[in-house]
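In my numbering, the protein residues as written are 327 to 472. Using N, Cα and C, we set each Cβ at its ideal position, and we do this for glycine too. First the structure, in the form of structure tokens, and then the observations on it.
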């Protein structure tokens, strides 16, 4: 089982090496094309990285809400137990609350599964664009030295 409490996404999931030049040589159309391609790929990488961080934040927020709901249910169950013992009645009112507790546990597991699926799909795209970016960077460096 994945321990989601230990997963953290750093601010940047990748290293793009040296910064892209801010000025382009006007007489080098291949250099312009390579620079534009690298800039687009870098933007894609940054967008995907941001999407992964945001998805993990959404999951964390949802898990916190589920935990708060479970705590509120536990308090209700405790209150019913105390009242039932005091009035010497059965604890029938707790049944639906226990059912809701199980539903919240199921929802938490679903959150883990959905988050994992979403992150894996996005990371697949991330790796594809990272590969393209590194290849474009290598081609640009090669062409600069030719």
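Classify residue i as buried or exposed, calling it buried when 16 or more other Cβ atoms lie within 10 Å of its own Cβ.
i: residue 443; result: exposed
i: residue 371; result: buried
i: residue 376; result: exposed
i: residue 347; result: In this predicted model, residue 347 has a pLDDT of only 49, less than 50, meaning its place in the structure is not dependable enough to derive any value.
i: residue 385; result: buried
Assuming contact is defined by CB atoms lying nearer than 7 Å, are residue i and residue j in contact in what I supplied?
i: residue 367; j: residue 424; result: no
i: residue 462; j: residue 365; result: no
i: residue 378; j: residue 445; result: yes
i: residue 396; j: residue 449; result: no
i: residue 469; j: residue 356; result: yes
i: residue 406; j: residue 383; result: no
What whole-angstrom Cβ distance do residue i and residue j have, given they're in contact under 8 Å?
i: residue 392; j: residue 455; result: At roughly 33 Å, the Cβ-Cβ gap does not stay under 8 Å, so residue 392 and residue 455 are not in contact.
i: residue 399; j: residue 426; result: 6 Å
i: residue 389; j: residue 437; result: 6 Å
i: residue 465; j: residue 360; result: 6 Å
Can we count residue i as close to the ligand ATP, meaning its CB is less than 6 Å from some heavy atom?
i: residue 411; result: What this structure holds is no ligand at all, so the ligand ATP is not there to describe.
Next item on the list: Could I get the ranges of all uninterrupted beta strand (DSSP E) runs contained in the stretch 387-451, with 3 residues as the minimum, in chain order?
Entry: none
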